[in-house]
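So the sequence lines, in the order shown, correspond to chains P and Z. Heads up, the final residue of the first sequence is numbered 886 in this note's numbering, and it's a clean run with no missing numbers. Heads up, the final residue of the second sequence is numbered 729 in this note's numbering, and it's a clean run with no missing numbers. Where a beta carbon is used, it is the ideal one built from N, C-alpha and C, also for glycine. Working notes for the structure below.
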Amino acid sequence: MRASLVRTLSMILFVGGAFEQSWAQPAGQADWERTVTAAKKEGRVVVAIPPSSELRQQLEAVFKTKFGVELELVPAPGPRNASRIASEYNAGVRYFDALIVGTGTAVPLAHEGMLEPLEPHMVLPEVKDPKNWWGGHIWEDNLKTNRFLYSFIAEVGTGGLWHNTNSAKAEELRSFDNFLSPKWKGKIGLNDPRVPGSGQSLWSFLWDIKGEDYLRKLVQQDLFISRELRQIGDALAKGNLAISIGVGYSQYEPFLKSGLPVRQLPTPAEGLPASNGFGIVGIVKNPPHANGAKLFLNWLLSKEGQDFYGKVMKSSTRRLDVDTRWLADYGTQAAKDSLTLTEYNRVRNHLEDKYLKVRAPSGKFAEQVLK
Amino acid sequence: MNGGELSTRPPSGFSLRLNLQSLLVTLLLCIVAFLVLTPLCLLLLNSFQVGRPGSEVVYGLEGWRVALTSPGTLEAIYNSFSLAIVRQFIATIIGIFLAWLLARTDLPMRGTLEFLFWLAFFLPALPATLGWILLLDPKYGLINQLLLKLPFLDKGLFDIYSYWGIIWVHLATTGISVKVMLLTPAFRNLDAALEESSRTSGAGPLVTLRRVIVPIMLPAIFVATILGLIRSLEAFEIELILGVPIGLHVFSTKIHSFVTHEPPQYPPATAMGTFFLVILLMLVALQRFYLGQRSFTTVTGKGFSTRPISLGRSRNAICAVVLLIALTVTVVPMAFLFLGTFMKLFGFFNIKDPFTLNNWKQVLADPILVRSLKNTLTLGLCSAAIGVFGSSLIAYVIVKARVKGRAALDFISWLPWSIPGILMGMALLWTFLLINKVIPIYGTMAALIVAMVISGFPLSVQVVKSYLMQLGNELEEASMVAGASWLSTYRRILLPLLLPCLIVVGLLEFITAARNISTVVLLATGQTRTLSLLMLDFTAGAELERATVVAAIIVMVVVVGAVVARSLGGQFSIRG
């Protein structure tokens, strides 16, 4: 009797679920089509993006070709775009529709009510469904709000550790402790950890796992600190530096292609942090092109959009239906291909909770110890 | 030299129009004050706003505390002054000598040589610096590598990443060239009768230069030096590239560091900017005090001669030296800039097949290039036109009008230089957002034009002012006595005399607008992006090779502008 009841209830739930799904899809599809039509009428959408000419060039062309909607892109470092959006908001001006940034940058915008909740704007079923995403829907603003900034990238190994093969052998650098050897004094380059980026990501990882004493000793190695990644790359390729911290594959790609002696170091014994790179999207509150913003968000988070973005930015989406294994050739591994969710949560140093606990205090520490 | 009263006493015909004149000056003062003071007040206010950008507004002194106690602040201030004073000292001495040679002597190829110095000034600082790195990098610089072939050297002789490396690159880019640009036309306006008198008294050319010419030219020299000093204190890109790797920070790189911080630390940045404002006020006060005591009229109604001084047998040797300097500051960095555009990897000659056409192909295929070029031309031409009109009007009022408020106008016209470009851009962003409901200028090309006109005021006004101070009032008085109206006097007497100067001012405005990054970067949108911002995009993405292609295009644009301006200036130059 009980088994029969369970079977009946299960059947009802199953049929009910399937029924709901069959209605949801056409409804989502209709909403999508309405959005596309309305966005075409608006004609334009303005998006703040990371400083990548490759992304600017290709995204503009792809979006215009696909939807006939002009995509105006403003490439700049995240903090600059975020503070500009905040200034606009405070003055009652709306220019930007959406933004793509890195961790920590846009959380104040979410807290001050300057962003739209994203879920109501997710109309494509493939975007809405958390099952399509490794770890489900993950929000950058994961402490209180959980709805304004969507984190679509999760990866390990980016912006890692590189060495000049003529000056330093990989075997000499198996652990972060090896970096403290007197041999490397004046020979280590570090992407400035006082600003967001891969340098800060590694610095905060070390702050977390090795502590402040370790970082003090590292600073005593007379680090070459710069915010110009090319400057560090040049110095490593010329042999002025032996090791670089926080400069990624994309910066070293031309050096590798030219046959210069720079190589990525194998993952050290302590491991590497998980990051979400420039993988956070949000929509500005009351955007001037509301439908354009919605269209952009859904396309970006779709399979097609994530595949496109990942290929241009060499970054790993959390979408389960997008292949990311090829990224291993670029020194990056998607979290979904290499970590369990528990491991990911242990080694990540992004999203609001970790940002406040790890990145922000480690950044403050960097302010104290770096000139 | 005793015509002090003449130079400060306006023509009598003007007093009849005193009311209208006062009204116009008041209106002008209001417009300029609004344009200049609003952003500065917002900046000052925001130096006390300690809330995180976008968060609740909280006022306090934290920003000032951070600015004053941040590690390395005092060292950065010391470095700024040290670098600025040393290079101004060197540049001023060389600049005076070169300007005198070009304007007052029979040096061969004077026109070509002067134009070469103009070109040096047009070169964008970033790629020019990279060009010098290619030559003077201590390990890989081509000159050092050549020198290492000498048996008695075991390491490179030059190190671009040093205090003197920074001084050198500044001198070789704009340090000397801007002095030549500003001083040569002023020297040219000098009446040769003064030199002839000196010669008749038995003085040689160098004694005449030191004891007659330099004292007469002091207002122009002083203005050029003050302008140079202020700009040196604000200098940024070269210090960032060459100073940061050796831990040499300056005032502007500290401000940049605050602004690019996460979250941006505007309060300490603006607090440091305020310190700079105080320095500027002192320099302006010094300049006013100095100029207020003297008269510098050199062009009067008593006849005007510009006969050149003979350099004698040494003219060809001197020409060779000047040519060498001119080529060093132009051809060398330009050659390396253009060479860099064809390199697979900028600065790496030792890789396999180091040259490629791909950089050009990629940049030329980028659809944003044409839009950026159009935006650059629009911005440059509009800024030049409005800047020439506005600065000549302001300078005329300051020098010639006998009305209250001209001292205030003079003072205000300096202020846009009181803060580094990046802070000025931030302040203008806040200003445009503030007035957007009344004047919807935010996000338009007009916003960029206004920004460039404002930031161009100090240089343009001071250049026109120093010219006007050299012009006596007799010419205008004579015209008035002959029955000409003020407008007719302006058009037929003043304008022809001022024209070479106005062309220089227009060119400066055009070039400044075409090259500017820091002031417009926060105001530009995807639609109003200029070539210099496109270059910044490529640089930020570590795509240096494509950035040099855009830099080369910027150089081509400004060189064409310079050629056009130069040919116009030649047609209208003052004849003896």
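Rounded to whole angstroms, how far is the Cβ of Glu387(Z) from the Cβ of Pro192(Z), which I believe are closer than 8 Å?
-> Incorrect: roughly 16 Å between the Cβ atoms, too far for contact.
Distance between Ser566(Z) and Trp583(Z) (C-alpha atoms, nearest Å) | 20 Å
Are there three or more Cβ pairs, one per stretch, closer than 8 Å when the region 678 to 685 of chain P is compared with the region 797 to 804 of chain P?
-> no
Quick one: what's Ser741(P) bridged to in DSSP?
-> Asn706(P)
Identify the continuous beta strand (DSSP E) that holds Arg559(P) and give its terminal residues.
-> Arg559 to Ile564
With DSSP as the reference, label Trp547(P) as helix, strand or coil.
-> helix
Does the distance from the C-beta atom of Ala597(P) to that of Pro566(P) stay below 9 Å?
-> no
Distance between Val708(Z) and Leu697(Z) (C-alpha atoms, nearest Å) | 16 Å
With respect to the alpha helix (DSSP H) encompassing Leu395(Z), which residues constitute its N-terminal and C-terminal limits?
-> Looking at the DSSP string, Leu395(Z) is not in any alpha helix (DSSP H), and its letter there is neither H nor E.
Exposed or buried, which one is Leu363(Z) when buried takes at least 16 other CB atoms within 10 Å?
-> The residue you asked about is not Leu; residue 363(Z) is Arg in the sequence shown. Per the 10 Å Cβ criterion, exposed.
Assigned exposure category for Ala545(P) - 16 Cβ within 10 Å defines buried = exposed
Determine whether the Cβ of Ser737(Z) lies closer than 9 Å to any Cβ atom of chain P.
-> In the structure as shown, chain Z starts at 154 and stops at 729, and residue 737(Z) therefore has no counterpart that could be examined.
Pairwise C-alpha distance: Arg218(Z) and Lys302(Z) | 53 Å
Whole-angstrom Cβ separation of Pro788(P) and Val734(P), contact assumed at under 8 Å?
-> Actually they are not in contact, since the Cβ atoms of Pro788(P) and Val734(P) sit about 19 Å apart, beyond 8 Å.
Residue environment, Thr353(Z), which counts as buried when at least 16 other CB atoms sit within 10 Å | exposed
Using a Cβ-Cβ cut-off of less than 7 Å, list which residues of the region 285 to 305 of chain Z approach chain P; keep chain order.
-> Lys292 and Tyr293
Pick out whichever of Pro708(P), Leu639(P), Lys753(P) and Asp844(P) has its Cα sitting closest to the Cα of Glu819(P).
-> Leu639(P)
Simplified DSSP assignment, three categories, for Leu780(P) | coil
Closest Cβ-Cβ distance between Val638(P) and chain Z: below 9 Å?
-> no
Using a beta-carbon distance below 9 Å, is Asn605(P) in contact with chain Z?
-> yes
Taking Thr255(Z) as the reference, which of His323(Z), Leu335(Z), Arg644(Z) and Leu687(Z) has the closest Cα?
-> Thr is not the amino acid found at residue 255(Z); the sequence shown has Leu there. Ranking His323(Z), Leu335(Z), Arg644(Z) and Leu687(Z) by Cα distance to Leu255(Z) puts Leu335(Z) first.
Please go through the region 671 to 706 of chain P and give each complete beta strand (DSSP E) segment of 3 or more residues, from N-terminal end onward.
-> 676 to 679 and 703 to 706
As assigned by DSSP and simplified to three states, the class of Ile313(Z) = coil
Within chain P, the residues that Gln202(Z) reaches when beta carbons sit closer than 9 Å | Within chain P, no residue comes near Gln202(Z); the closest Cβ sits about 11 Å away, beyond 9 Å.
Buried/exposed call for Asp506(Z), threshold 16 Cβ in 10 Å = exposed
Span of the beta strand (DSSP E), counted from its first residue to its last, around Gly797(P) | Ile795 to Ile798
Check each residue of the region 669 to 694 of chain Z: if its Cβ is closer than 7 Å to any Cβ of chain P, include it; give the result in chain order.
-> Leu675, Thr678, Gly679, Gln680, Asp690, Phe691, Ala693 and Gly694
is_contact[Val608(P), chain Z] using C-beta, thresh 9 Å = yes
Cβ shell of Asp563(Z) (< 6 Å), same chain only, five flanking positions each side left out = Ile551
Please classify Ser817(P): does DSSP put it in a helix, a strand, or coil?
-> coil
Should Ile572(Z) be flagged as near chain P, meaning a C-beta pair shorter than 9 Å?
-> no
Using the beta-carbon of each residue, which ones in chain Z are nearer than 8 Å to Asp749(P)?
-> Gly500
Whole-number beta carbon distance between Phe270(Z) and Val711(Z), since they are thought to touch under 8 Å = Their Cβ separation, rounded to whole angstroms, is 14 Å, which puts Val711(Z) and Phe270(Z) out of contact at 8 Å.
Option in Ser315(Z), Phe340(Z), Leu221(Z) and Ile238(Z) with minimal Cα separation from Pro653(Z) = Phe340(Z)
Proximal chain Z residues relative to Lys753(P), where beta-carbon distance stays under 9 Å = Asp290, Lys292, Tyr293, Gly500 and Phe501
What residues are listed by DSSP as bridge partners for Val589(P)?
-> Ala563(P)
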